[in-house]
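For the sequence shown, this note's numbering assigns the number 417 to the initial residue and increments by one for each residue that follows. Where a beta carbon is used, it is the ideal one built from N, C-alpha and C, also for glycine. This one's a predicted model, so the numbers in the text were calculated from it and none came from an experiment. Written below as structure tokens is the structure these notes are about.
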Amino acid sequence: MSSAATTSAAPQASKEPPMPTMGSPAGPPKFQDKYEEREFLKFRLAQALRIFGNMGYDEGVAGHITVRDSVRPDCFWVNPFGLHFALIEAEDLILVDHDGNIQPESGPLRLLNRAAYMIHSAIHKARPDVNCAAHSHGMYGKTFSCMGRELDMLTLDGCAFYTDHAVYKHFGGVVFEAEEGQHIVEALGNKKAVILQNHGVLVASDTVEATLHFYIAMEKACQVQLLADAAAAGRGQETIKVSHEEALYTFKANGNAIGGWFSGQPHFQLLEKKEGKKFQFKKST
417 MSSAATTSAA PQASKEPPMP TMGSPAGPPK FQDKYEEREF LKFRLAQALR
467 IFGNMGYDEG VAGHITVRDS VRPDCFWVNP FGLHFALIEA EDLILVDHDG
517 NIQPESGPLR LLNRAAYMIH SAIHKARPDV NCAAHSHGMY GKTFSCMGRE
567 LDMLTLDGCA FYTDHAVYKH FGGVVFEAEE GQHIVEALGN KKAVILQNHG
617 VLVASDTVEA TLHFYIAMEK ACQVQLLADA AAAGRGQETI KVSHEEALYT
667 FKANGNAIGG WFSGQPHFQL LEKKEGKKFQ FKKST
């Protein structure tokens, strides 16, 4: 049975969806002082890493999230190699330049994951629009990556990735060489996510909040498709896909950067409530 027979009339592709709220979200904070912005980004990155740990995205020492430094844009902050996600604080992060040199501002555990450097340095060099990138070996992302294919548009949430994710159809093992990192960047292109075949998923966006949200959303989209495909196969049928027009309309509403930033807020709100600590703004506007 075709999806056209089971769905209502789709909006025209050119139609823009309205804002999901009756007002506009404020957006990421603005800073007059780049050093205060640095401290905020470090605080937020450490929070995101702890959220990863709390959600079970750890796999031994694998996985990394980076954020571009506001003071030195040719450098990025990254979690130290070998420290569990859930234990990471802002003062633990290490600052690395695009040549792999660990900077003096770094935390005490100055171990750099070579794979993290090879992947993230290539992304930050090639994509000035990307301030934060995340990769880990989440259960459903790496399971779905074994298919070597893009996600089907099955749900409203999954449509956030419509036309905005790719597949790197090669497995080169642990990313120890710059060439492999460059291949991943080429596969990512100008999109916000790439499925690394037999490996996992990687998400890149303009804020820590959006990157965290879209990483979690992609893990869940992979989980949904694995479940839906198995259930459909068990019933001898195929899953019903969202049409192009409907998927594009939905993507414009929930797949954009500001929507990702806003959708990421609850994860940080919950963490701050549990931990009892927030960033103390001083000079922000």
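Cβ pair residue i, residue j closer than 8 Å
{"i": "Gln-463", "j": "Leu-687", "result": "yes"}
{"i": "Thr-623", "j": "Asn-547", "result": "yes"}
{"i": "His-683", "j": "Leu-618", "result": "no"}
{"i": "Ala-648", "j": "Gly-574", "result": "no"}
{"i": "Leu-628", "j": "Gly-557", "result": "no"}
{"i": "Phe-577", "j": "Met-534", "result": "no"}
{"i": "Ala-603", "j": "Ala-582", "result": "yes"}
{"i": "Val-483", "j": "Ala-542", "result": "no"}
{"i": "Gly-616", "j": "His-553", "result": "yes"}
{"i": "Phe-492", "j": "His-536", "result": "yes"}
{"i": "Ile-481", "j": "Leu-461", "result": "yes"}
Exposure of residue i, with buried meaning 16 or more beta-carbon neighbours within 10 Å
{"i": "Lys-585", "result": "exposed"}
{"i": "Val-487", "result": "exposed"}
{"i": "Val-590", "result": "exposed"}
{"i": "Arg-651", "result": "exposed"}
{"i": "Glu-691", "result": "exposed"}
{"i": "Pro-524", "result": "exposed"}
{"i": "His-660", "result": "exposed"}
{"i": "Glu-625", "result": "buried"}
{"i": "Ala-442", "result": "exposed"}
{"i": "Gly-597", "result": "buried"}
{"i": "Glu-595", "result": "exposed"}
{"i": "Lys-693", "result": "exposed"}
{"i": "Glu-475", "result": "exposed"}
{"i": "Ala-663", "result": "buried"}
{"i": "Ala-646", "result": "exposed"}
{"i": "Asp-485", "result": "buried"}
Neighbourhood of residue i by C-beta distance below 8 Å, restricted to the same chain and skipping five residues each side
{"i": "Leu-528", "result": "Val-494, Pro-496, Phe-497, Ile-510, Val-512, Gly-516, Ile-518"}
{"i": "Asp-580", "result": "Lys-607, Lys-608, Ala-609, Phe-667, Gly-671"}
{"i": "Glu-455", "result": "Ala-506, Phe-695"}
{"i": "Asp-508", "result": "Ala-462, Asn-495, Pro-496, Leu-499, Gly-523, Pro-524, Leu-525"}
Distance cut-off 7 Å: residue i Cβ against heavy atoms of the ligand NAD
{"i": "Glu-654", "result": "Looking for the ligand NAD in the displayed structure turns up nothing, as the structure carries no ligands at all."}
Residues near residue i in its chain [Cβ-Cβ closer than 7 Å; skip 5 each side]
{"i": "Gln-641", "result": "Phe-560, Leu-567, Asp-568, Leu-570"}
{"i": "Leu-572", "result": "Thr-666"}
{"i": "Leu-465", "result": "Ile-481, Asn-495, Phe-501, Ile-504"}
{"i": "Gly-605", "result": "Ala-582"}
{"i": "Glu-654", "result": "Ala-648"}
{"i": "Asp-545", "result": "Asp-622"}
Spatial neighbours of residue i in its chain, beta-carbon cut-off 6 Å, leaving aside the 5 residues before and after
{"i": "Ser-522", "result": "Ile-510, Leu-511"}
{"i": "Gln-639", "result": "Tyr-556"}
{"i": "Tyr-631", "result": "Ala-550, Val-619"}
{"i": "Met-417", "result": "Model confidence at Met-417 stands at a pLDDT of 37, short of 50, so the residue's coordinates are unreliable and nothing is read from them."}
{"i": "Ile-611", "result": "Ser-561, Val-583, Val-617"}
- With a cut-off of 8 Å, do at least 3 Cβ pairs link the segment 509 to 518 to the segment 557 to 570? no
- Just list the beta strand (DSSP E) runs in the segment 532 to 603, keeping only unbroken ones of 3 residues or longer that don't cross its boundaries, in chain order. 548 to 552, 581 to 584
- Query: Can we say the segment 459 to 478 touches the segment 490 to 502, given the rule of at least three CB pairs closer than 8 Å?
  - Reply: yes
- Completely contained alpha helix (DSSP H) runs for the segment 609 to 668, where each covers 4 or more residues: 624 to 650
- Which residue spans inside the segment 461 to 542 form an unbroken beta strand (DSSP E) run of at least 3? 480 to 484, 491 to 494, 510 to 513
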